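Asks:
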(Lines of atoms letter the chains of each structure in order from A and count residues from 1; the text may use other names and numbers.)
(Lines give C-alpha, C1' and ligand atoms only; values in the text may rest on other atoms or scores of the structure.)
Protein backbone atom coordinates (compact mmCIF):
# COMPACT_ATOMS: atom_id res chain seq x y z
CA UNK A 1 0.00 0.00 0.00
CA UNK A 2 1.45 3.35 -1.03
CA UNK A 3 0.40 6.91 -0.35
CA UNK A 4 1.39 10.53 -0.28
CA UNK A 5 0.11 13.70 1.35
CA UNK A 6 -3.18 13.40 3.23
CA UNK A 7 -3.67 9.81 2.04
CA UNK A 8 -0.75 8.86 4.25
CA UNK A 9 -2.92 9.48 7.32
CA UNK A 10 -5.21 6.63 6.31
CA UNK A 11 -2.34 4.46 5.07
CA UNK A 12 -0.28 4.71 8.26
CA UNK A 13 -3.21 4.37 10.65
CA UNK A 14 -4.67 1.41 8.73
CA UNK A 15 -1.25 -0.24 8.42
CA UNK A 16 -0.58 0.32 12.12
CA UNK A 17 -3.86 -1.35 13.06
CA UNK A 18 -3.25 -4.18 10.59
CA UNK A 19 0.29 -4.94 11.80
CA UNK A 20 -0.95 -4.86 15.41
CA UNK A 21 -3.60 -7.47 14.54
CA UNK A 22 -6.55 -5.12 15.06
CA UNK A 23 -9.60 -5.32 12.79
CA UNK A 24 -10.52 -2.77 10.12
CA UNK A 25 -13.71 -1.85 12.02
CA UNK A 26 -11.57 -0.58 14.94
CA UNK A 27 -9.36 1.36 12.54
CA UNK A 28 -12.38 2.97 10.89
CA UNK A 29 -13.88 3.99 14.24
CA UNK A 30 -10.51 5.34 15.41
CA UNK A 31 -10.09 7.46 12.26
CA UNK A 32 -13.64 8.79 12.50
CA UNK A 33 -13.03 9.82 16.11
CA UNK A 34 -9.56 11.34 15.69
CA UNK A 35 -10.29 13.17 12.43
CA UNK A 36 -13.66 14.52 13.50
CA UNK A 37 -13.96 18.28 13.22
CA UNK A 38 -10.88 20.22 14.20
CA UNK A 39 -9.41 17.95 16.90
CA UNK A 40 -6.10 17.43 15.10
CA UNK A 41 -5.82 21.06 14.01
CA UNK A 42 -6.61 22.34 17.51
CA UNK A 43 -3.99 20.05 19.05
CA UNK A 44 -1.32 21.10 16.53
CA UNK A 45 -2.02 24.80 17.12
CA UNK A 46 -1.88 24.28 20.89
CA UNK A 47 1.49 22.53 20.54
CA UNK A 48 2.78 25.32 18.30
CA UNK A 49 1.92 27.99 20.85
CA UNK A 50 2.95 26.20 24.08
CA UNK A 51 6.68 26.26 24.95
CA UNK A 52 6.28 23.30 27.32
CA UNK A 53 5.26 21.04 24.42
CA UNK A 54 8.59 21.61 22.68
CA UNK A 55 10.57 20.38 25.68
CA UNK A 56 9.43 16.84 24.80
CA UNK A 57 11.36 17.00 21.51
CA UNK A 58 13.84 19.90 21.86
CA UNK A 59 15.71 18.96 18.65
CA UNK A 60 12.70 19.80 16.50
CA UNK A 61 12.40 23.15 14.81
CA UNK A 62 9.43 24.99 16.30
CA UNK A 63 7.13 25.41 13.33
CA UNK A 64 3.72 24.30 12.07
CA UNK A 65 4.76 21.03 10.37
CA UNK A 66 6.56 19.87 13.50
CA UNK A 67 3.55 20.84 15.62
CA UNK A 68 1.50 18.54 13.37
CA UNK A 69 4.19 15.87 13.68
CA UNK A 70 3.87 15.96 17.47
CA UNK A 71 0.06 15.98 17.25
CA UNK A 72 0.10 13.00 14.84
CA UNK A 73 2.44 11.17 17.19
CA UNK A 74 0.22 11.83 20.19
CA UNK A 75 -3.25 11.42 18.71
CA UNK A 76 -2.69 8.74 16.08
CA UNK A 77 0.42 6.71 16.88
CA UNK A 78 1.32 6.85 20.59
CA UNK A 79 5.00 7.13 19.73
CA UNK A 80 5.10 4.03 17.51
CA UNK A 81 8.08 3.64 15.25
CA UNK A 82 8.78 2.45 11.70
CA UNK A 83 10.04 -0.87 13.11
CA UNK A 84 6.38 -1.92 13.45
CA UNK A 85 6.37 -2.68 9.73
CA UNK A 86 9.35 -5.03 9.99
CA UNK A 87 7.34 -7.65 11.85
CA UNK A 88 5.40 -9.77 9.37
CA UNK A 89 3.17 -12.37 10.97
CA UNK A 90 0.90 -14.87 9.24
CA UNK A 91 -2.06 -12.53 9.85
CA UNK A 92 -0.32 -9.68 8.00
CA UNK A 93 -1.49 -9.55 4.41
CA UNK A 94 0.25 -6.28 3.54
CA UNK A 95 3.57 -6.99 1.88
CA UNK A 96 5.01 -3.49 2.03
CA UNK A 97 4.08 -0.01 3.20
CA UNK A 98 5.34 3.00 1.24
CA UNK A 99 4.91 6.59 2.40
CA UNK A 100 6.03 9.21 -0.10
CA UNK A 101 7.17 12.77 0.36
CA UNK A 102 9.41 15.27 -1.39
CA UNK A 103 13.00 16.06 -0.59
CA UNK A 104 13.30 19.78 -1.32
CA UNK A 105 17.10 20.07 -1.55
CA UNK A 106 17.19 18.13 -4.82
CA UNK A 107 13.48 18.37 -5.69
CA UNK A 108 13.10 14.61 -5.71
CA UNK A 109 10.70 12.07 -4.25
CA UNK A 110 11.64 10.71 -0.84
CA UNK A 111 10.12 7.47 0.32
CA UNK A 112 9.73 5.41 3.45
CA UNK A 113 9.31 1.85 2.19
CA UNK A 114 9.05 -1.04 4.63
CA UNK A 115 10.83 -4.31 4.11
CA UNK A 116 9.06 -7.03 2.17
CA UNK A 117 8.25 -10.27 4.03
CA UNK A 118 11.24 -12.55 4.37
CA UNK A 119 13.86 -9.85 3.69
CA UNK A 120 16.51 -8.96 6.25
CA UNK A 121 16.78 -5.30 5.33
CA UNK A 122 14.84 -2.55 7.09
CA UNK A 123 13.38 -1.45 3.77
CA UNK A 124 14.30 1.65 1.83
CA UNK A 125 14.22 5.14 3.26
CA UNK A 126 15.32 8.05 1.13
CA UNK A 127 16.31 8.59 -2.48
CA UNK A 128 19.58 8.43 -4.39
CA UNK A 129 21.02 11.44 -2.52
CA UNK A 130 19.71 11.15 1.02
CA UNK A 131 19.31 7.67 2.49
CA UNK A 132 20.24 5.32 5.31
CA UNK A 133 23.27 3.15 4.65
CA UNK A 134 22.89 -0.56 5.44
CA UNK A 135 24.98 -0.05 8.58
CA UNK A 136 22.37 2.45 9.87
CA UNK A 137 19.21 0.51 9.13
CA UNK A 138 18.57 -0.23 12.80
CA UNK A 139 18.47 3.53 13.34
CA UNK A 140 15.96 3.96 10.51
CA UNK A 141 13.58 1.56 12.26
CA UNK A 142 13.36 4.02 15.16
CA UNK A 143 11.84 6.85 13.13
CA UNK A 144 8.47 7.83 14.56
CA UNK A 145 5.35 7.37 12.48
CA UNK A 146 4.23 10.92 13.35
CA UNK A 147 7.40 12.33 11.76
CA UNK A 148 6.99 10.16 8.67
CA UNK A 149 3.38 11.30 8.27
CA UNK A 150 4.43 14.95 8.66
CA UNK A 151 7.04 14.45 5.94
CA UNK A 152 4.40 13.16 3.58
CA UNK A 153 1.84 15.84 4.41
CA UNK A 154 4.06 18.93 4.12
CA UNK A 155 3.96 20.93 0.91
CA UNK A 156 5.59 24.14 -0.34
CA UNK A 157 3.84 27.36 0.69
CA UNK A 158 1.64 25.44 3.13
CA UNK A 159 4.05 23.85 5.58
CA UNK A 160 7.75 24.15 6.15
CA UNK A 161 9.72 21.04 5.19
CA UNK A 162 10.91 18.58 7.80
CA UNK A 163 14.68 18.95 8.32
CA UNK A 164 16.58 15.68 8.15
CA UNK A 165 17.92 14.43 10.56
CA UNK A 166 17.14 17.05 13.24
CA UNK A 167 13.34 16.95 13.09
CA UNK A 168 13.36 13.14 13.29
CA UNK A 169 15.57 12.87 16.36
CA UNK A 170 14.01 11.83 19.66
CA UNK A 171 15.07 10.30 22.94
CA UNK A 172 16.22 6.77 22.20
CA UNK A 173 17.24 7.50 18.62
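In our numbering, the protein residues as written are 3 to 175. Ideal placement from N, C-alpha and C gives every residue a C-beta, glycine not left out. For clarity, every value in this text was computed on a predicted model and none was experimentally measured.
Start and end of the beta strand (DSSP E) containing residue 115?
Replies: Here residue 115 corresponds to residue number 113 of the chain shown, with the count starting at 1. Where residue 115 is concerned, the enclosing beta strand (DSSP E) stretches over 110-115.
Asks: Within the continuous beta strand (DSSP E) that includes residue 102, where are the two ends?
Replies: Along the chain shown, one-based indexing puts residue 102 at 100. From DSSP, the beta strand (DSSP E) with residue 102 extends over 100-105.
Asks: Do residue 162 and the ligand SAM come close, with the Cβ less than 7 Å from some heavy atom?
Replies: Judged by which ligands are present, the structure shown has none, so any question about the ligand SAM falls away.
Asks: So what does residue 133 bridge to, in DSSP terms?
Replies: Taking the chain shown and counting its residues from 1, one reaches residue 133 at position 131. The partner list for residue 133 (beta bridge, DSSP) reads 128.
Asks: Taking the C-alpha atoms as reference points, what is the distance between residue 102 and residue 86?
Replies: Numbered from 1 along the chain shown, position 100 holds the residue referred to as residue 102. Numbered from 1 along the chain shown, position 84 holds the residue referred to as residue 86. Using only the alpha carbons, I get a separation of about 18 Å.
Asks: Taking C-beta to C-beta, are residue 113 and residue 126 nearer than 8 Å?
Replies: Locating residue 113 in the chain shown gives position 111, where the first residue counts as 1. Locating residue 126 in the chain shown gives position 124, where the first residue counts as 1. Cβ distance < 8 Å, so residue 113 and residue 126 count as in contact.
Asks: With a 10 Å radius around its C-beta and 16 neighbouring C-beta atoms as the bar for buried, classify residue 156 as buried or exposed.
Replies: Mapped onto the chain shown, residue 156 falls at position 154. Per the 10 Å Cβ criterion, buried.
Asks: Give me whichever residues DSSP pairs with residue 2 in a beta bridge.
Replies: As displayed, the chain neither begins before 3 nor continues past 175, which places residue 2 out of reach and without an answer.
Asks: Thinking C-beta only, is residue 50 closer than 8 Å to residue 66?
Replies: Position 64 of the chain shown holds residue 66. Position 48 of the chain shown holds residue 50. Yes, these two residues count as a Cβ contact at 8 Å.
Asks: Which residue comes first and which comes last in the alpha helix (DSSP H) that contains residue 6?
Replies: Locating residue 6 in the chain shown gives position 4, counting from the first residue. First-last for residue 6: 4-6, but that is the beta strand (DSSP E), not the alpha helix (DSSP H).
Asks: Is residue 26 helix, strand or coil when you go by DSSP?
Replies: Here residue 26 refers to the residue found at position 24 of the chain shown. Helix.
Asks: Does DSSP put residue 38 in a helix, in a strand, or in coil?
Replies: Position 36 of the chain shown holds residue 38. Coil at residue 38, not helix or strand.
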